[in-house]
Amino acid sequence: MRVLVFDEGIKVRLRELNDRLATRRAGRPGFDDFRRLLEANLGRFVSLAPISEDEIDSWAQGRPVVGVDGSVNSYGESYPYVLHIFQASARTTRPLDGKDHLTCSSVVSPLFPEDRRALEDERDRLMREDKPLELAWEGLRHRRLAELEVEVAIRAVNEIRPFLVIFDGGFMRYVVQAFDKWNEYRRVSLEQGVISVGVIEETATKLIAEVLGDKLPPGLRDEHDRSLLFGVLREGEALGIREDIRFKRSEFYTAFARFSRHPQAIACDFFREQVDHVKEVLDFLYTITPQGGRGMPLWLDIVDQEVRITGQDLEMMLSLYLDRDLMEMFLRPHRDRRDY
Amino acid sequence: MSHMMQVVGVATQQFVYVASRDRKFNINEILLVEDPVYGDLKGEVIETQSFNRYIPLATERNSLLEPRVLDGLRQVGFRIEDEEINIAKVRLLEELTAPVKTGANVRVPEFYEIEKLLVSRPPEEGLVLGVIRGTAEVASGMPEKLKGIAPLYDREHGMLPQDGVPFILDHWAMADYPHIGIFGGSGSGKSFGMRVILEELMRHEVPTIVFDPHFEMDFAEPLEGIDPSFREDFSGRYVIVTAGKDAGVAFEELNSNQLAGLLRASGGVLTEAMENAIYALHRQGDTYVTFYNKVYDLIEAMEKERALEEAFRSQEIDPREKERVGALLELKQEFASKVGNVAPLKGIAWRLDRIGREKVFNYGIDRVVDAIKQQKLVVIRGSSLWVLQIFASYLVKKMYDQRREFRDAQQRGEHKEFFPPFVVATDEAHNFAPKNQEAPAKSVFREVAQEGRKYGVFLILASQRPALLDDTITAQLNTKIVFRTTRSYDIATMKEETDMTEDETARLPYLPSGVAFVSSAMVGRTVPVRIRASKTQSPHRENPFAELRKKAEDRDARFFRAVKDMLPIVTTRMDLVEIEKRLGRPVTEDEARDTLSRLARLGKLREEKILLGYRYSLPGRDA
Ligand SMILES: Nc1ncnc2c1ncn2[C@@H]1O[C@H](COP(=O)(O)OP(=O)(O)OP(=O)(O)O)[C@@H](O)[C@H]1O
Ligand SMILES: [Mg+2]
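Chains as they are written, first to last, in this note's numbering: chain A, 142 to 481; chain B, 184 to 806.
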């Protein structure tokens with residue numbers, strides 16, 4: 142048991158914040174008005190329907206679904222005595238030769254000369270672009286992770302040939318962080334007729350506000366897609382963006398959908414070439430999303446569980462392969478030794 | 184395909200947890216932990232668990248995953264049911280100074296790596312009692328001679344193949360670690376296990392005496408559904424002897440102490456006055472008849488003292504009668520003051536009658552001794568438990584003494600006729616040697632428990648209630664075979680008296696019939712065993728309900744035959760006297776009426792309702 146210490150000032154500021162959020166919400170148009178506005182300017186509401194087992198069967202033709210996710214864990218506090226473990230995993234619904242997943246990994250530490258050089262290059266680049274140096278590691282981290290995920294996705298397409306690949310997150314990240322590899326993925330998956338979808342839980346974009354512009358009430362023109370669409374879609378409903386509207390990049394197509402009772406919408410990225418399959422894919426995702434959950438397809442949660450490495454797992458792995466005394470001397474953060 | 188197994192979670196010097204995604208663990212199986220520091224460590228799985236790591240996903244916020252979600256995923260090949268993680272708690276078989284490394288790889292051993300741990304004696308030299316649980320996988324690498332020697336049995340499916348490494352009890356090691364206890368609740372498999380042990384003792388021609396309070400130890404009937412290749416004929420290797428029929432106690436050899444013990448067994452506690460009377464009256468060398476007469480005569484003398492004295496003084500008395508009366512008076516003179524009054528004598532007389540009716544004193548033990556010398560197994564029965572106890576106390580003492588005398592003489596370099604070492608086995612051991620209570624056989628069982636090892640005399644004691652067995656004896660049972668036990672007292676006794684762990688004793692209440700923990704000083708660890716199929720079975724006992732039905736049918740048939748030519752019978756005018764005469768027993772009107780109507784229901788009689796009752800006649804015939 143412990144007693145929380147809360148300064149009075151914190152409470153005051155939190156109440157102020159609450160007032161601001163309340164005003165924002167008050168400026169929103171009513172449910173029907175807003176839906177009319179979206180239909181007039183952005184796209185069309187479509188009802189989703191769970192698909193039957195037979196439909197799935199005839200559509201998948203016995204090919205499985207693959208989910209792609211990545212994780213990164215770090216250990217150590219003070220540069221260069223740190224290390225980062227990246228792992229990306231592609232998990233298939235139908236095990237192949239008893240194996241249900243493919244993995245790619247990368248362990249990065251400034252203690253390896255080649256990694257140190259990469260970090261320094263990144264730092265130099267940021268310096269040239271006049272960006273803060275603290276971002277050097279962050280940048281490298283995002284790149285590595287995105288690259289690994291795309292890499293494992295390419296392998297999955299080649300080795301497993303699924304009918305659908307579900308990414309945990311949107312496509313833009315891969316374009317920005319792993320441009321070349323992503324193009325390769327796009328090419329091979331289209332060639333093989335493998336459908337791709339990126340499911341975005343936190344739609345931190347402001348695409349809707351940008352498209353609607355001054356058709357929105359002034360207070361909402363800077364609003365995220367996430368809060369704009371909150372409660373606007375009905376359960377089992379999608380908002381398909383009109384094809385003439387360029388959203389993100391021209392080679393992508395995006396739809397919003399609400400897969401569960403939870404009022405938040407999620408976004409799904411597709412390749413524009415596969416736009417004919419959007420409805421089917423959304424129906425399928427709707428089918429495999431628990432109604433009482435937060436609206437993410439179950440398969441992604443399963444893949445996430447698979448790839449995530451907990452602090453305990455990490456300690457275990459390190460203690461197995463690193464000498465205890467070396468670990469204590471160089472790596473273990475001193476605050477881990479706190480008694481409580 | 185080799186499976187991935189790994190040490191996970193918190194490990195200690197004694198226990199580790201091992202996890203695997205694709206392999207289920209078997210309770211009691213032996214695994215090897217490949218520790219980077221200690222090398223290969225043997226451990227035994229003592230607890231297993233499986234959990235589906237995705238079920239929590241479903242239950243965190245929403246109560247259940249809708250079937251449609253799982254069906255949708257199943258259609259593309261994903262079965263959530265298969266997503267189990269298997270966890271085993273493993274007890275390391277060696278004590279370490281520091282914990283095992285978490286993450287260390289774990290694998291199934293090859294047979295040769297753990298052979299020493301599992302098989303201590305080749306089958307031709309030990310008692311093949313069953314299969315060591317959890318050894319199915321390693322058993323594939325076992326030499327041929329260990330295979331197919333311990334098939335299993337299940338009442339539903341009959342014989343089943345041996346599914347693991349045989350458990351071979353090294354009875355030779357009893358020379359150092361004597362005596363076996365077999366414990367477990369009702370129906371847990373003690374008798375079955377005892378049978379298997381006895382079959383093995385017969386196979387090795389070990390002379391054995393088996394007390395059989397339940398009349399179940401016969402070896403003539405092959406196990407129902409036995410595989411012909413497993414069948415074995417034990418005839419000629421055992422004899423059945425019944426106390427009071429073809430064996431008994433030689434009364435004249437009893438000392439007063441033993442006699443008191445026997446009388447106690449026949450009717451419960453003796454009063455002090457009764458004991459005094461026995462010690463006063465009995466002389467070694469008395470036969471049953473001389474002692475019996477002494478008791479009855481003394482009663483007569485004490486009860487009719489006045490009349491006898493008068494008769495003795497009378498002039499008209501016949502000289503022969505006078506002699507008898509004189510003898511009675513002398514008897515009174517000698518014993519009356521020591522005995523006090525007739526009450527204790529009557530108690531003794533009643534007990535003597537009771538024993539006498541069982542004919543316990545009519546035969547000797549030659550048949551038993553002969554069979555033992557021929558290295559046979561002798562099954563001993565008695566008309567009741569106390570008769571068996573009396574006989575056991577006498578027989579075991581007698582045989583034990585003979586064996587001891589032979590051994591001592593041998594030691595001294597003297598010649599004496601060979602008397603073999605032998606085994607004494609019994610069920611209901613807590614009745615033969617109860618804790619905190621007297622019983623005729625207790626002292627000799629104790630003596631054998633404590634000293635028998637020196638002379639090659641060993642006990643195999645089975646009991647439902649180990650907590651009630653004399654604890655001096657319990658402590659001497661170096662091997663304990665513990666079947667399902669549910670009483671907390673008995674579990675506590677087992678905890679104290681064996682090296683079983685908490686986990687193992689916690690499992691005792693849930694063991695299926697025929698599965699036991701064998702805790703033995705010979706092995707130094709507790710081995711879980713499923714007892715093999717016996718080759719024989721106890722004589723078929725009729726189902727009590729079938730017995731009832733048959734009884735009723737017999738009664739009806741007899742009644743029918745008796746009244747057949749009295750038909751037609753009208754219930755208001757039945758000749759009960761005639762029916763009773765024909766049946767030779769009393770019959771009430773109700774019984775007669777009920778039986779007639781039952782016979783009518785069965786179609787044997789025709790029933791017609793008439794004015795005040797019924798009229799019964801043979802069917803298909805006019806009245
Ligand atoms: N090793 C075994 N293999 C197969 N079945 C067994 C085995 N042991 C016992 N059983 C089954 O369980 C039943 C009861 O076993 P058993 O008669 O040996 O019990 P028990 O412990 O002697 O009980 P009680 O104390 O009541 O005499 C047997 O009739 C048999 O059907
Ligand atoms: Mg029994």
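Every residue gets a Cβ at the ideal spot worked out from N, C-alpha and C, and that includes glycine.
query: Identity of the residues DSSP links to proline 174(B) by a beta bridge; result: Past the boundaries of the shown model lies residue 174(B); chain B is included only from 184 to 806, so the question cannot be answered.
query: Chain B contact for isoleucine 151(A) (CB, 8 Å cutoff); result: no
query: Three-way DSSP call (helix, strand, coil) for alanine 575(B) in this model; result: helix
query: Ligand 2 heavy atom lying under 7 Å from the CB of lysine 487(B); result: no
query: For histidine 242(A): DSSP bridge partner residues; result: Arg232(A)
query: Chain A contact for lysine 272(B) (CB, 8 Å cutoff); result: no
query: Length of the line joining the Cα atoms of alanine 456(B) and valine 522(B); result: 7 Å
query: Nonlocal neighbours in the same chain, by C-beta distance under 6 Å from lysine 599(B), ignoring five residues either side; result: Phe589, Ala592
query: Contacts of threonine 430(A) in chain B (Cβ-Cβ under 8 Å); result: Val252
query: Under 8 Å between C-beta atoms of threonine 669(B) and methionine 677(B); result: no
query: Counted within 10 angstroms of its Cβ, other Cβ atoms place serine 246(B) as buried (16 or more) or exposed; result: With a pLDDT of 49 at serine 246(B), under the threshold of 50, the modelled position of this residue cannot be trusted; read the value that follows with caution. That one is exposed.
query: Near-chain B residues of the stretch 284-301 of chain A - C-beta to any C-beta below 9 Å; result: none
query: Sheet register partners of arginine 342(B) (DSSP bridge); result: Strictly speaking, residue 342(B) in this sequence is methionine, with arginine absent from that position. According to DSSP, which records beta bridges pairwise, methionine 342(B) is partnered with Tyr336(B).
query: Identity of the residues DSSP links to isoleucine 268(B) by a beta bridge; result: Phe234(B)
query: Other residues of its chain near aspartate 410(A): CB distance less than 6 Å, five sequence neighbours each side excluded; result: Gly311, Phe312, Gly339, Phe393, Thr395
query: The stretch 429-441 of chain B contacting the stretch 571-591 of chain B, beta-carbon criterion three pairs below 8 Å; result: yes
query: C-beta contact flag for serine 401(A) and glycine 372(A) at 8 Å; result: no
query: Residue-chain proximity (arginine 235(A), chain B), Cβ-Cβ < 8 Å; result: yes
query: Spatial distance of glycine 697(B) from isoleucine 297(B) (CA atoms); result: 25 Å
query: Exposure of arginine 447(B), with buried meaning 16 or more beta-carbon neighbours within 10 Å; result: buried
query: Check: serine 374(B) C-beta below 7 Å from any heavy atom of ligand 2; result: yes
query: Given 8 Å, three or more beta-carbon pairs between the stretch 203-211 of chain B and the stretch 308-323 of chain B; result: yes
query: Contact belief for threonine 425(B) with arginine 564(B) at Cβ below 8 Å, rounded distance in angstroms; result: 5 Å
query: C-beta atoms of alanine 443(B) and isoleucine 461(B) nearer than 8 Å; result: yes
query: Listed by chain order, chain A residues near leucine 644(B) by CB distance under 7 Å; result: The premise fails here: leucine 644(B) is roughly 50 Å from chain A at the closest Cβ pair, so nothing lies under 7 Å.
query: Distance CB(glycine 408(B))-CB(glycine 341(B)) smaller than 8 Å; result: yes
query: Cβ pair count under 8 Å reaching 3, the stretch 190-199 of chain B against the stretch 272-288 of chain B; result: yes
query: Selection from Trp278(A), His242(A), Asp241(A), Lys240(A) that minimises the alpha carbon distance to arginine 258(A); result: Trp278(A)
query: Rounded separation between arginine 489(B) and lysine 515(B) - CA only; result: 12 Å
query: Contact between the stretch 358-366 of chain B and the stretch 648-665 of chain B (3+ Cβ pairs under 8 Å); result: yes
query: Of the listed residues Ala345(A), Ser230(A), Asn214(A), nearest to leucine 441(A) (C-alpha basis); result: Ser230(A)
query: Distance cut-off 7 Å: serine 246(A) Cβ against heavy atoms of ligand 1; result: no
query: Which residues DSSP lists as bridging phenylalanine 397(A), in chain order; result: Leu380(A), Ala408(A)
query: CB contact check: glutamate 180(A) to chain B, cutoff 8 Å; result: no
query: Three-way DSSP call (helix, strand, coil) for arginine 204(A) in this model; result: coil
query: Contacting positions in the stretch 449-478 of chain A - beta carbon closer than 8 Å to chain B; result: Met457, Met458, Ser460, Leu461
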